[in-house]
Each structure stands twice: as C-alpha cells, then as structure tokens.
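The working numbering applies: residue 7 is where the sequence shown begins, and numbers increase by one.
No residue lacks a Cβ here, since even glycine has one placed at the ideal position from N, Cα and C.
No experiment lies behind these values; they were computed from the predicted model shown.
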Amino acid sequence: MAKVIFLGTAASVPSPQRDNTSFLFLHKKELFLIDCPGSIVYKLLRVGINFRKLSNIIITHQHPDHLYGLLHLIHAQSYLNNKINIFSNKKVKKVIENLVKIMNLTSKNYPTLNFYNVFSQEFFYLSKDLKIKAIKNNHIEESFGIEFIFKKKLLYSSDTAISHNIVEEAKKCNYLIHDCTASSSFFQKHPDISSLHTDAKTLSKVFKNTQIEKIIPIHFLLLEKGEEKKIRKELAKIKDKIIFPSDYQCLTL
7 MAKVIFLGTA ASVPSPQRDN TSFLFLHKKE LFLIDCPGSI VYKLLRVGIN FRKLSNIIIT
67 HQHPDHLYGL LHLIHAQSYL NNKINIFSNK KVKKVIENLV KIMNLTSKNY PTLNFYNVFS
127 QEFFYLSKDL KIKAIKNNHI EESFGIEFIF KKKLLYSSDT AISHNIVEEA KKCNYLIHDC
187 TASSSFFQKH PDISSLHTDA KTLSKVFKNT QIEKIIPIHF LLLEKGEEKK IRKELAKIKD
247 KIIFPSDYQC LTL
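Set out below in structure tokens:
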C-alpha cells in the first residue's frame, strides 16, 4: 500500500488555507519528501512524521518555493540525523551547496548531504517493490516530473505547462498529480505564465479521454476572489476523475 500526504497545495504565493506545494510519498517503509518549502518541520510533525528520520528528498527544480525549507530541515536535524539524500538536477545541487555554505551548515554536527542526479539513469531510485524515475517537463531548464512505480503508477507533473513527455507517460498511470495553477481567465489576464504552468480548462481538455483513474490538480494560485471556484468549474467535465486536495489530506493509493 502507498500513501500521499499533501503538505501544501498552493503555488509560489500561498493562501490562508494553502501553503506552497509539497507532499510525502510513503510506500511500506520507504518515505520521500517531494519538494521542500517553508515550515517543513512543523508540517511533518503535524502529520505524524518524525522529522529526525526523514532522509530522502526529491526536489523537482530550483525555484525558491521548492527548496527554501531545506535549510531549516538541515538545521533542525543537527545531532539527530547523519545524512540526507537529495535527488535532483545539477542546478539544484549547486544552489543547495552554496546555501549551506553561506548558512554554515557544513560541520559534522549536521547531516551529510548526498546528491543523486535524477537524469543519470532510467530509475534514480530502485528497490524491491518501488522504482522512481524523472520525466522532463515544460517549466524551466532541467525541471522534471516524477513517476512512482509500485503495484500501481503515480505520476507527478510538478510545475509545468502541458508537456508531451508528461502527457504520454500519464497514459500508463493510475494516478496523476498535475499542475493546475489557475483558471483560463486568469491565464488570459497574465499570458506569460502559460509557458510555465497549466490552467484548469487545458488540464481538463487534455486528460478528458484518458484511462487515468484519478487526477489530482495542484499548485493553486488563488490571487483573485473566486479563483478556486473558477478552477473547480473548469474541471467539471472530468469531475468523476478529480480529487481536489487540501493541505494535510492523506490519499491512499
């Protein structure tokens, strides 16, 4: 059995009910944190996860809302954990190495950071019952989505405009967690974001006729009054497939 626990479901700007997107993937005794925004220790404690034992983190790209909480986690784990495995790209590695030096988090009191390049082989994590691979998406240089392969398949698009790689991989999956930043009307007002993110109307159109069991929209940018209502309305055509997540919600796969 596998679980996803959503620690945040918002875009780079949080709302009173939603913080920056990140989630936990749990499979038997294996635990992964996907992206690491702020207040991460508090969020882990809130969902009953021992932050001292968290040692596997996947960071999908180098934007601040996906990694700025990592420094806090490293600091909180001083004297408590001996290593953190970070699965990401070369750019994220460089950013993190620079930040830990600036914040003096490199002494032996802090966890050793082990970096693994997700593009170095087909599966960047491989165990008896779980395989994880990176899928290049359409956001920024070296950004990627994540496919979890166990008895079922879960694909997380991460931040992305509609991506051929993600769409094709999603056809093979049971579950899809996909960027759904705002309504199409918001995108019309702010056209620059269309090259980086996906609107709800497009998400519904692209995945309407697929065999995906459940689609979980995420990464909501709720800057305008009634925006969440507009997003839900544009997803109505695929409502039977939709799970609309809340922060701290647990989903059993």
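For this session: Inspect the CB distances between the region 131-138 and the region 102-111 and report whether three or more fall short of 8 Å.
Result: Contact check between the region 131-138 and the region 102-111: fewer than three CB pairs, one atom from each, fall below 8 Å, which does not count as touching.
Exercise. From residue 234 to residue 209, what distance separates their C-alpha atoms?
Worked result: Stepping through the sequence shown from its first residue, residue 234 is reached at position 228. Stepping through the sequence shown from its first residue, residue 209 is reached at position 203. Near 15 Å, if we compare the C-alpha coordinates of residue 209 and residue 234.
For this session: Closer than 8 Å by C-beta to residue 57: which residues in its own chain qualify, once you throw out the five before and the five after it? Chain order, please.
Result: Looking up residue 57 in the sequence shown gives position 51. Only 46, 47, 50, 51, 79, 82 and 83 meet the Cβ criterion.
Problem set entry | Where the beta strand (DSSP E) containing residue 28 begins and where it ends | Residue 28 sits at position 22 when you count from the first residue of the sequence shown. The continuous beta strand (DSSP E) containing residue 28 extends over residues 28-33.
Exercise. Counting Cβ pairs closer than 8 Å, one from the region 17-31 and one from the region 211-227, do we hit at least three?
Worked result: Touching, per the Cβ criterion.
Exercise. Between the region 170-179 and the region 190-203, do three or more beta carbon pairs fall short of 8 Å?
Worked result: No contact exists between the region 170-179 and the region 190-203.
For this session: Note the first and the last residue of the continuous beta strand (DSSP E) segment covering residue 94.
Result: What you label residue 94 is simply residue 88 of the sequence shown in a count that begins at 1. Start and end: 89-94.
For this session: Select from 232, 203, 254 and 90 the residue whose C-alpha is nearest the C-alpha of residue 261.
Result: Since the first residue of the chain shown is 7 and the last is 259, residue 261 is not available in this structure.
Exercise. Are the region 235-245 and the region 149-163 in contact at 8 Å, needing three or more beta carbon pairs?
Worked result: Flag = no, the region 235-245 and the region 149-163 do not touch.
Problem set entry | Selected residue, minimal CA-CA separation from residue 217, among 246, 254, 71 and 15 | If you number the sequence shown from 1, residue 217 lands on position 211. With distances taken between Cα atoms, residue 217 lies closest to 246.
Exercise. Are the CB atoms of residue 65 and residue 94 nearer to each other than 8 Å?
Worked result: As a position in the sequence shown, residue 65 is number 59, starting the count at 1. As a position in the sequence shown, residue 94 is number 88, starting the count at 1. Taking 8 Å as the cut-off, the beta carbon of residue 65 is found closer than this to the beta carbon of residue 94.
Problem set entry | Of the listed residues 85, 32 and 86, nearest to residue 63 (C-alpha basis) | As a first step, residue 63 is located in the sequence shown; it is residue number 57 there, counting from the start. Here the closest residue by C-alpha is 32.
Problem set entry | Supposed close pair residue 139, residue 121 - CB separation, criterion 8 Å | As a first step, residue 139 is located in the sequence shown; it is residue number 133 there, counting from the start. As a first step, residue 121 is located in the sequence shown; it is residue number 115 there, counting from the start. Wrong, their Cβ atoms sit about 17 Å apart, outside the cutoff.
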